[in-house]
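Numbering (our numbering), first residue to last: 876 to 1368.
Quick reminder that beta carbons are idealized off the backbone N, C-alpha and C, glycines included.
Here it is in structure tokens:
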């Protein structure tokens, strides 16, 4: 290849109208070379290109591409490694290749194929549109450290985000969480985008079949639903970023969850603290943009949506039934070995009477580990009829301390009356107050209906008068009602 000084010399002589023969003589160049540059018109610098060399792997490249194409349709943990590709080429194609040659080419092609998929269209989001996704985080609970999912709804226009923690990712959880967020904001987004069918439905070959409960929730509120294309998380990148942001900022250090409903209400109340910062692109406060989002919302329906489903189950000989194949809940002994209807919500499970009245209510359990939950109140009526079963009952194991000892020492008639009192107080004042009243009455040696009821009334109403002077000694009144405690009865005065 000639230097540009030589080419320039040829073009100068050509411009002076020297003949072809004379130019060849003066430059002492091959006539073909002179003729080539005399005929060339464009001398713009060429774009650099990679020089291609022939390789022993060239004829096997179509087979390698076919294997890599296959990987795009299967689970990522079952993709071809370079070793597997090399072995297949040797076994199936008779290739005589070194592993290092195959490994270098496969690494190069995987990188090139990855780069072709990294570019995305920048999507535009209007006010009133939302994205929804689940994340996971660890929480301290009364049962130790637990990993729980949390539902996040983000508003891409304003970049505001809201979250609710649950024990599972069911349709009941999605509906419960979204409704709580809608009510907090005072409106409903016009369009919600999900990346897959988890909790909302099931992805089929030709689309997504929504769960019936979520379809009812959608009809109740009137919003539009869209699902991202498979393997296209960029279509809801705002909420995916928000899931990580919320975990890093609100769940570090690991928070404690006592009452999950109260914890979720606190999350909504404190969400606004994060909105006093600028939007990452629009240079306006998130709180200002959120106002425009809410203005574009639809009005909420007048009635709350009951985020639950009803299933028919068969009870065993103890009146218990099973959900999800491993979680057992009690109804009542009188409903043993029959079909009943069960109401299933995000947080609770309630077996119903034929008149749709809850027999009992349990905290809903999630996960694959077996659980067995009993509402001991439902066994009281059976124990009233058969007090002889008291010693081996689950209710006795539920009680502790002086109350259990006193009931152990009672005659069948007195035990039956105590069980009736327990049932009545539990019904009127709730479990905690009923048990506290019975324990105080037992400690005073007055485990009868009248004394237990008086103490329960006092415990239930003591918070109704917050302006009373603090430090009042109420024991004198208890002594008049219940008599002296056994310890006080031994005193000389």
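Does the Cβ-Cβ distance between residue 1221 and residue 1182 come in under 8 angstroms?
Yes. Within cutoff.
Assess contact between the segment 1016–1033 and the segment 1194–1208, defined as three or more Cβ pairs (one per stretch) separated by less than 8 angstroms. Is contact present?
Not touching, per the Cβ criterion.
What does DSSP give as the partner residues of residue 1201 in its beta bridges?
None; residue 1201 has no bridge partner.
Which of the three DSSP states is assigned to residue 906 in this structure?
Correct three-state label for residue 906: helix.
Contact defined as beta carbons within less than 8 angstroms: I believe residue 1277 pairs with residue 1307. What is the distance between those atoms, to the nearest angstrom?
With 8 angstroms as the limit, residue 1277 and residue 1307 do not qualify as a contact, their Cβ atoms being about 17 angstroms apart.
Count the other C-beta atoms from every protein chain shown that fall within 10 angstroms of the C-beta of residue 961, then say buried if there are 16 or more, exposed otherwise.
Buried, since its Cβ has 16 or more Cβ neighbours within 10 Å.
Would residue 1173 and residue 1052 qualify as a contact pair, given that the criterion is a beta-carbon distance under 8 angstroms?
Contact flag unset, no.
When DSSP builds the beta bridges, which residues end up paired with residue 1238?
In the DSSP output, where bridge partners are listed per residue, residue 1238 has 1223.
Quick check: the Cα distance between residue 1077 and residue 1114, rounded to an integer number of angstroms?
Each residue's alpha carbon lies about 21 angstroms from the other.
Quick check on the DSSP output: the beta strand (DSSP E) that includes residue 1007 runs from which residue to which?
1004–1016 is the span of the beta strand (DSSP E), which, as asked, contains residue 1007.
Using the DSSP secondary-structure output, state which residues sit across from residue 1183 in a beta bridge.
Residue 1183 pairs with 1220.
Since I believe residue 1046 is in contact with residue 1089 (beta carbons under 8 angstroms), could you give me their beta-carbon distance rounded to a whole number of angstroms?
At roughly 5 angstroms, the Cβ-Cβ gap stays under 8 angstroms, so residue 1089 and residue 1046 are in contact.
Helix, strand or coil: how does DSSP classify residue 1248 here?
Residue 1248 falls in the strand class under three-state DSSP.
If I follow the unbroken beta strand (DSSP E) through residue 1099, where does it start and stop?
Taken as a continuous stretch (DSSP letters only), the beta strand (DSSP E) holding residue 1099 covers 1099–1102.
Nearest-angstrom Cα distance between residue 1328 and residue 1290?
Each residue's Cα considered, the two are about 16 angstroms apart.
Who pairs with residue 1153 in a beta bridge, going by DSSP?
Residue 1153 pairs with 1160.
For the putative contact between residue 1075 and residue 1086, defined by C-beta atoms under 8 angstroms, what is the C-beta separation to the nearest angstrom?
Right, their Cβ atoms sit about 6 angstroms apart.
Considering only C-alpha positions, which residue in the set 1260, 1230 and 1243 is nearest to residue 1218?
The residue with the shortest Cα to Cα distance from residue 1218 is 1230.
Please look up how many angstroms separate the CB atoms of residue 1040 and residue 1135, rounded, as I've assumed it's under 8 angstroms.
That pair is a contact at about 6 angstroms.
With distances taken Cα to Cα, identify the nearest neighbour of residue 1055 among 1140, 1208 and 887.
Checking every option, the nearest Cα to that of residue 1055 belongs to 1140.
According to DSSP, which residues form a beta bridge with residue 1020?
In DSSP, residue 1020 forms a bridge with 1015.
Label residue 1102 either buried or exposed according to how many other C-beta atoms from any shown protein chain fall within 10 Å of its C-beta, with 16 as the threshold for buried.
Residue 1102 comes out buried.
Taking the runs of the alpha helix (DSSP H) that are 4 residues or longer, which of them lie wholly in the segment 1030–1093?
Segments of the alpha helix (DSSP H) lying fully in the segment 1030–1093: 1046–1060.
Taking DSSP as the reference, what is the three-state secondary structure of residue 1193?
The answer is coil: DSSP assigns residue 1193 none of H, G, I, E or B.
Candidates 1034, 1083 and 935: which alpha carbon is nearest residue 965's?
Of the candidates 1034, 1083 and 935, the one whose C-alpha sits nearest the C-alpha of residue 965 is 935.
Considering only the alpha carbon of each residue, which of 892, 882, 929 and 920 lies closest to residue 909?
The option with the nearest alpha carbon to residue 909 is 882.
Identify the residues that DSSP records as bridge partners of residue 1215: which are they?
Partner(s): 1188.
Check this for me: beta carbons of residue 1171 and residue 1002, under 8 angstroms apart or not?
Yes, Cβ-Cβ distance for residue 1171 and residue 1002 is below 8 angstroms.
Mind checking which residues open and close the alpha helix (DSSP H) that includes residue 1206?
Unbroken run through residue 1206: none, as it is neither H nor E.
How big is the Cα-Cα spacing for residue 1020 and residue 1133?
Roughly 12 angstroms between the two C-alpha positions.
Evaluate the contact criterion for the segment 892–903 versus the segment 936–955: three or more CB pairs, one atom per stretch, below 8 angstroms.
As far as the Cβ criterion goes, the segment 892–903 does not touch the segment 936–955, which means the pair count is below three.
Could you tell me which of 1037, 1238, 1263 and 1272 sits nearest to residue 1005, measuring between CA atoms?
It is 1037 whose Cα lies nearest to the Cα of residue 1005.
Any idea what DSSP makes of residue 1027, helix, strand or coil?
If DSSP states are grouped into helix, strand and coil, residue 1027 belongs with the strands.
Does the pairing of the segment 1225–1241 with the segment 1259–1276 give three or more beta-carbon distances under 8 angstroms?
At 8 angstroms Cβ cutoff, the stretches do not touch.
Using a Cβ-Cβ cutoff of less than 6 angstroms, which residues in the same chain neighbour residue 1069 once the five nearest sequence positions on both sides are dropped?
Around residue 1069: 1007, 1075 and 1102.
I'd like to confirm the pairing. Which residues does DSSP put opposite residue 1387 in its beta bridges?
Since the first residue shown for the chain is 876 and the last is 1368, residue 1387 is missing from the structure and cannot be characterised.
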